[in-house]
Amino acid sequence: MDPYVLIAIAGILSHVLYFRRGEHQLYSHIYLVLFVISTTAVTVIFHYSYILVYLASLYSSILVYRLFLHPLRSFPGPLLARVSGLWYINPKHKAYLTLQALHSQYGPIVRTGPSDLSIIYPSAIPAIYGSQSSCTKAPWYDLTHPSRPLQNCRDAKEHHARRRTWTPAFSDKIVRGYEQRVKTYQQQLIAQLTTLQAVDIRKWIYLYTFDVMGDLSFSRSFDCLTTGHEHPGITLLNAALSNIGLFIPPWLHLILLKIPWLTRDWWRFLSFCSERLEARMHMDLQIPDISASLLAPLKGREPTPEEKLMLDGDSRLIVVGGSDTSAVSLCGVLYELARHPEQLRKLQEEVEPFVDDKGEVRGADIAQLEHLNGVINEAMRMYPAVPSGLQRKTPPKGIQVEGVHIPGEMTVYCPQYAMGRCKTCLLWDIGGDANC
749 MDPYVLIAIA GILSHVLYFR RGEHQLYSHI YLVLFVISTT AVTVIFHYSY ILVYLASLYS
809 SILVYRLFLH PLRSFPGPLL ARVSGLWYIN PKHKAYLTLQ ALHSQYGPIV RTGPSDLSII
869 YPSAIPAIYG SQSSCTKAPW YDLTHPSRPL QNCRDAKEHH ARRRTWTPAF SDKIVRGYEQ
929 RVKTYQQQLI AQLTTLQAVD IRKWIYLYTF DVMGDLSFSR SFDCLTTGHE HPGITLLNAA
989 LSNIGLFIPP WLHLILLKIP WLTRDWWRFL SFCSERLEAR MHMDLQIPDI SASLLAPLKG
1049 REPTPEEKLM LDGDSRLIVV GGSDTSAVSL CGVLYELARH PEQLRKLQEE VEPFVDDKGE
1109 VRGADIAQLE HLNGVINEAM RMYPAVPSGL QRKTPPKGIQ VEGVHIPGEM TVYCPQYAMG
1169 RCKTCLLWDI GGDANC
């Protein structure tokens, strides 16, 4: 048989028997190295045309399958989304707006990648994210491999075991202690703001949440509020998250991480988080903080390499979750209250009875206030901290959403920004904020 025919068959079989099955993002950099080596060897020993035939047959098989034979072939979406996830790379970091526009054009379920679906049906939330859901975390959570924070654990048993380590850090008693420590930074923030005429509130909220995160997580403030200047850690945080905001496919992201000069901000941020936890590990303190709970299982000994990877990952989760997401939500609340002074007055009237002689309030006293919760929930609807949604993988048997069967082993997610501004997803009229 003609060698070119054999090579073409090998390319097709590579796709049908291997690349079409399972997950491969963790080995993408290995595939790249093997490809370069094998291409060089075949070119030297035989002829470059053999490689061209193999690649042509491989990608032709992939193209035909994704366009005409894929389980998601009947779902609407852009043509390029059927072929590759590369079309969705978003240099302007506006993926959430792209998703909103796609749902306006194609409807409540949109194919956004070869095996990806974006869904804005409200009933999809419990089906995908609920405690009884059979969906699992998608390959996107391997972005930080081999470092793996609690949030990125894809194995349910491992996640449950590691979550128990976090639990003591958020007991009622400990949280009440946190509340007293947070008041110090509230007073510093108010003192700074009252001295200024024009305020960049986003800047000051980030300084505030970063100081609070440092104290409650590592027992050390970063003194951002006292200096009025952005800590280098905030700069690294924003730069690192900016890379994730590009919406690069997991397999490509893991390849890029192997090129240090391309992803130096990411590695600097990881080093910053690791150094904070390392410093806390060697502090002789009895002050309760989040790190103390994470370090308790070590009982004073040095962590193993595997434990160090997990702790480094958790330190990153602490920094991001304790500062960035909190800052986004607070900025959303303050922005809307500035736009709607009548809502600010109503909120003040609701909270005023719970203010003591020192001008302070207890969180437990105001936790159930109706308008306060309404303001917070509405701000989080309009300005979600993760606007493009969290990805999940459907079980082998698939799931049902609004009578539609979603095939198994697919990536699904509910884009929070698009859902929060879609009239059909809400129980009340939101006027001009709705676009789909």
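If you read the sequence shown in this note's numbering, its first letter stands for residue 749, the second for the next number, and so on.
Glycine is no exception: its CB is placed at the ideal position from the N, C-alpha and C atoms.
Own chain, CB closer than 8 Å to residue i, minus 5 neighbours either side, in chain order
i, result
"Gly1061", "Thr892, Ser895, Arg896, Pro897, Leu898, Asn900"
"Pro980", "Phe1020"
"Pro874", "Gln880, Ser881"
"Val1099", "Val1109, Ile1114, Leu1117, Leu1120"
"Pro1163", "Tyr844, Leu847, Gln848, His851, Ser866, Ile868, Pro1135, Ser1136, Gly1137"
"Asp1177", "Unreliable placement is indicated for Asp1177, whose pLDDT of 48 sits below 50; no coordinate value is reported for it."
"Lys1141", "Cys883, Thr884, Lys885, Ala886, Pro887, Glu1157, Met1158, Thr1159, Val1160"
"His763", "Leu806, Ser809, Ile810, Tyr813"
"Asn838", "Thr846, Gly993, Leu994, Phe995"
Spatially closest choice to residue i from the options, by CA coordinates
i, options, result
"Glu854", "Ile868, Lys842, Ala843, His763", "With the sequence shown as reference, residue 854 is identified as Tyr, and Glu is not the correct amino acid for it. Ranking the options by Cα distance to Tyr854, first place goes to Ile868."
"Glu1055", "Gly1168, Thr957, Leu847, Ser1022", "Ser1022"
"Leu1082", "Ala1044, Lys1106, Asp948", "Asp948"
"Glu771", "Thr957, Val1149, Glu1108, Trp999", "Trp999"
"Leu941", "Ile1066, Tyr813, Thr915, Gly976", "Gly976"
"Pro824", "Leu845, Val858, Tyr813", "Val858"
"Gln848", "Ala872, Pro1144, Gly1137", "Gly1137"
"Tyr956", "Gln945, Pro874, Ala939", "Ala939"
"Gly925", "Pro1036, Leu811, Lys1094", "Pro1036"
"Met1058", "Arg968, Leu1018, Leu827, Asp864", "Leu1018"
"Lys1094", "Ala1112, Ser1041, Arg768, Val1123", "Val1123"
"Leu964", "Thr983, Leu985, Leu973, Arg929", "Arg929"
"Arg1016", "Thr943, Ile982, Ala1044", "Ile982"
"Ala1133", "Glu1108, Val1068, Glu1090, Ile1114", "Val1068"
"Pro829", "Lys842, Leu845, Pro862, Ala843", "This sequence places Ala at residue 829; Pro is not what is there. The candidate whose alpha carbon is nearest that of Ala829 is Pro862."
"Lys905", "Ser919, Val923, Thr884", "Thr884"
"Val1076", "Phe958, Val812, Leu1117, Arg1064", "Phe958"
"Phe918", "Ala1040, Thr1073, Leu1085", "Ala1040"
"Thr1011", "Leu1025, Ile996, Tyr1165", "Ile996"
"Leu1025", "Asn838, Ser1063, Gln1091", "Ser1063"
"Met1128", "Glu1084, Gly1048, Pro1101", "Glu1084"
"Asp1038", "Gly1151, Glu1090, Ile1066", "Checking the sequence, you will find Ile at residue 1038 rather than Asp. When only C-alpha atoms are compared, the closest one is Ile1066."
"Leu827", "Ile810, Thr860, Phe970", "Thr860"
"His721", "Val923, Gln934, Asp890", "Residue numbering for the chain in the displayed model covers 749 to 1184; residue 721 lies beyond these limits and cannot be assessed."
Assumed close pair residue i, residue j - CB separation to whole angstroms, cut-off 8 Å
i, j, result
"Met961", "Ser1071", "4 Å"
"Pro819", "Pro1155", "4 Å"
"Leu1187", "Asp1013", "Limits of the chain in this structure are 749 at one end and 1184 at the other, which puts residue 1187 out of reach."
"Ala872", "Val1103", "Ala872 to Val1103, Cβ: 41 Å. No contact."
"Tyr813", "Arg769", "About 12 Å separates the two Cβ atoms, so there is no contact after all."
"Gly1223", "Glu927", "Here the chain covers residues 749 to 1184 and nothing more, so residue 1223 does not appear."
Same chain, Cβ closer than 6 Å to residue i, neighbours up to 5 away in sequence not counted
i, result
"Arg911", "none"
"Gln1139", "Ala886, Trp888, Thr1159, Tyr1161"
"Cys1079", "Arg950, Ile953"
"Tyr807", "none"
"Lys1145", "Gly1156"
"Gln936", "Leu973"
"Gly1179", "The predicted position of Gly1179 is uncertain, since its pLDDT is 47 and thus under 50; no value can be drawn from it."
"Arg1028", "Phe966, Ser1039"
"Leu1005", "Thr1011"
"Asp864", "Thr1159"
"Gln934", "none"
"His907", "Cys901"
"Pro856", "Ile868, Tyr869"
"Ile1147", "Ala875, Ile1154"
Close-in-space but distant-in-sequence residues of the same chain around residue i (CB under 7 Å, 5 per side omitted)
i, result
"Leu1033", "Ser967"
"Gln945", "none"
"Pro1045", "Thr913"
"Glu1108", "Lys931"
"Pro1008", "Trp1015"
"Ser1074", "Thr957"
"Leu1043", "Met1029"
"Pro1143", "Ser882, Cys883, Gly1156"
Within-8 Å CB hit, residue i to chain C
i, result
"Ser1022", "The structure shown has no chain C; it contains just one protein chain."
Residue i beta carbon near the ligand GDP (any heavy atom closer than 7 Å)
i, result
"Phe995", "Ligands are entirely absent from the displayed structure, and the ligand GDP is therefore not among its contents."
| task | Evaluate the contact criterion for the stretch 982 to 989 versus the stretch 831 to 839: three or more CB pairs, one atom per stretch, below 8 Å. | result | no
| task | Pick out the complete beta strand (DSSP E) segments inside the stretch 1125 to 1152, 3 residues or longer, and give them in chain order. | result | Within the stretch 1125 to 1152, the complete beta strand (DSSP E) runs of at least 3 residues fall at 1147 to 1149.
| task | Can you check the stretch 825 to 892 for any alpha helix (DSSP H) of at least 4 residues that lies completely inside it and give the ranges in chain order? | result | 827 to 831, 843 to 854, 872 to 877
| Are three or more beta carbon pairs between the stretch 836 to 845 and the stretch 1110 to 1128 nearer than 8 Å? | no
| message | Please give me, in chain order, every unbroken run of the alpha helix (DSSP H) with length at least 4 that falls completely inside the stretch 1025 to 1053. | response | Runs of alpha helix (DSSP H) with 4 or more residues, each lying fully within the stretch 1025 to 1053, are found at 1038 to 1043, listed in chain order.
| Can you list the beta strand (DSSP E) stretches of 3 or more residues lying completely in the stretch 1077 to 1110, in chain order? | Runs of the beta strand (DSSP E) lying entirely within the stretch 1077 to 1110, each at least 3 residues long, are absent.
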